[in-house]
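S.K.:
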Amino acid sequence: MLLWHRGWVVSRWLSATGADEELVVTAQVRQRTATSRTPRRRGHRQDPDLVVAPGEVPTKRQRVAAYAIVRSHRGLLGTICSDRTAVPGRWQLPGGGLEASETSSQAVIREVREETDQSVALRRLVDLQSDHWVGRAPNGRLEDFQAIRIIYTAVCTAPTEPEVLDVGGTTEASHWVSLRGWRSLPWTSSARSALDRHVDELSGLFAR
1 MLLWHRGWVV SRWLSATGAD EELVVTAQVR QRTATSRTPR RRGHRQDPDL VVAPGEVPTK
61 RQRVAAYAIV RSHRGLLGTI CSDRTAVPGR WQLPGGGLEA SETSSQAVIR EVREETDQSV
121 ALRRLVDLQS DHWVGRAPNG RLEDFQAIRI IYTAVCTAPT EPEVLDVGGT TEASHWVSLR
181 GWRSLPWTSS ARSALDRHVD ELSGLFAR
């Protein structure tokens with residue numbers, strides 16, 4: 001929203017470079033006009049069933065993660081969240097948090113391999129998402145949490161049957177999904193938003 005308030009809108013995301021606290025995202029922008037669409041913004045939310053003890057103060061935490069919309073001749077690659085997440089059973093894009101000294105592109109390629117056992121080639125950076133809420137972490141700690149998600153498109157030229165290599169983590173299973181059927185699945189809100197906007201960008205490379 002900072003760009004919007006200063007009279008600019010993002011035309012397209014260009015790159016995400018650096019790691020850790022030095023992550024730099026660049027974008028092509030244009031001047032805002034009367035017909036420019038207002039960027040979607042999620043407010044600072046609180047988990048609806050959250051119970052906070054008297055005097056309990058949330059720990060502030062920010063997590064930067066990278067995800068990919070992966071296409072192949074077998075369809076769209078998706079993962080299912082495990083019960084170690086706040087949304088077990090929901091479908092998600094393959095990806096996850098950046099490790100120390102890791103760039104977003106390195107992270108998403110590693111995460112896709114760990115969660116699906118697929119090798120992918122990144123195409124381009126297509127979206128940047130941010131969510132902010134107060135709730136309980138899986139370990140029970142009260143957190144004031146900001147999630148920053150860097151979204152890429154990617155292709156898999158030699159798809160195999162997906163397999164979760166990082167057993168016991170946040171991914172329960174992974175599958176190739178038909179391009180005709182993905183909308184009927186219970187995706188997380190962030191994944192569905194990214195897919196609605198960008199899943200067809202690779203349609204010219206693969207038959208449906």
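In this text, residue positions in the sequence shown follow the UniProt record's numbering: the first is 1, and each later residue adds one. Beta carbons are placed, not taken as given, at the ideal position from N, Cα and C, and that holds for glycine.
(1) What residues match up with Arg187 in a beta bridge as DSSP calls it?
(2) Is Trp133 closer than 9 Å to Ala62 when the C-beta atoms are compared?
(3) Consider the C-beta atom of Leu122 and the heavy atoms of the ligand GDP; say whether any pair is separated by less than 8 Å.
(4) Put Gln106 into one of helix, strand or coil per three-state DSSP.
(5) Going by other Cβ atoms of all chains shown within 10 Å of its Cβ, with 16 needed for buried, is Arg141 buried or exposed?
(6) I'd like the span of the beta strand (DSSP E) that includes Trp133, first residue to last.
(7) Which of the three DSSP states is assigned to Ser101 in this structure?
(8) I'd like the span of the beta strand (DSSP E) that includes Leu142, first residue to last.
(9) Between which residues of its own chain and Arg74 is the CB-CB distance below 7 Å, once the five residues before and five after are set aside?
(10) Can we say the stretch 99-112 touches the stretch 63-82, given the rule of at least three CB pairs closer than 8 Å?
(11) Return helix, strand or coil for Ala45, following the three-state DSSP convention.
(12) For Gln129 and Val51, what's the separation of their Cα atoms in angstroms?
(13) Closest by CA to Arg149, which one among Glu114, Arg197, Gly96, Arg124?
(14) Less than 9 Å separating the beta-carbons of Glu114 and Gly169?
(15) Sort Ser190, Thr171, Leu185 by Cα distance to Asp83 and report the nearest one.
(16) Pull up the distance between the alpha-carbon of Asp144 and that of Lys60, whole angstroms please.
(17) What did DSSP end up calling Thr17 once you bin it into helix, strand or coil?
(18) Using a Cβ-Cβ cutoff of less than 7 Å, which residues in the same chain neighbour Gln31 once the five nearest sequence positions on both sides are dropped?
(19) For Arg12 versus Ala27, is the C-beta distance shorter than 9 Å?
(20) Residue range of the alpha helix (DSSP H) that His5 falls in?
M.R.: Once the coordinates are examined:
(1) The sequence shown places Trp at residue 187, not Arg. Trp187 pairs with Trp91.
(2) Residue 62 is actually Gln in this sequence, not Ala. The answer is no: Cβ separation not under 9 Å.
(3) With respect to the ligand GDP, the structure offers nothing, as it holds no ligand at all.
(4) Note: Gln106 maps to helix in three-state DSSP.
(5) exposed
(6) 121-136
(7) coil
(8) 142-155
(9) Pro159, Trp176
(10) With a cut-off of 8 Å, the stretch 63-82 and the stretch 99-112 count as touching, because enough Cβ pairs lie within range.
(11) For clarity, residue 45 is Arg in the given sequence; the question names Ala instead. In the structure shown, Arg45 sits in a strand (DSSP, three-state: E or B).
(12) 27 Å
(13) Answer by Cα proximity: Gly96.
(14) yes
(15) Thr171
(16) 5 Å
(17) Thr17 falls in the strand class under three-state DSSP.
(18) Gly7, Trp8
(19) yes
(20) 2-5
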